[in-house]
Amino acid sequence: MAWDTALARVIRETSRAEVNRKPQPWYRAEVVQVTPKLIFAIADKEFKFDSSTGLIMTATAKSKTWKVGMQAAALLHGAQLLVLDSL
-9 MAWDTALARV
1 IRETSRAEVN
11 RKPQPWYRAE
21 VVQVTPKLIF
31 AIADKEFKFD
41 SSTGLIMTAT
51 AKSKTWKVGM
61 QAAALLHGAQ
71 LLVLDSL
């Protein structure tokens, strides 16, 4: 095997390992409460977010009428959850 082919394989395997090591980029958030506050939960309802605990919503998500049990695509960054849109 030529050295360039071997190098290409090593680079490919290294990049795959790096991708597998990164945390999940998005989450499926679920609405667990609507009134008096809108609350979303992720990770089997272990982590809950509302407006006072790091919930941020895009304009598209804010314009929706949310009901308990609805799901949304969301990004988690530190202690903040950004809700993008409903699924």
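Numbering-wise (the numbering used here), the sequence shown opens with residue -9 and increments by one. Glycine residues also receive a C-beta, built at the ideal position from the N, C-alpha and C atoms.
Judged by DSSP in its simplified three-state form, D75 adopts strand.
If you look at K54, you'll find it isn't in any beta strand (DSSP E); DSSP assigns it neither H nor E. For L45, DSSP records a beta bridge to L71. In the three-state reduction of the DSSP assignment, E20 falls in the strand class, which pools E and B.
Check the Cα spacing between L77 and each of T55, A62, I32: the tightest is with A62.
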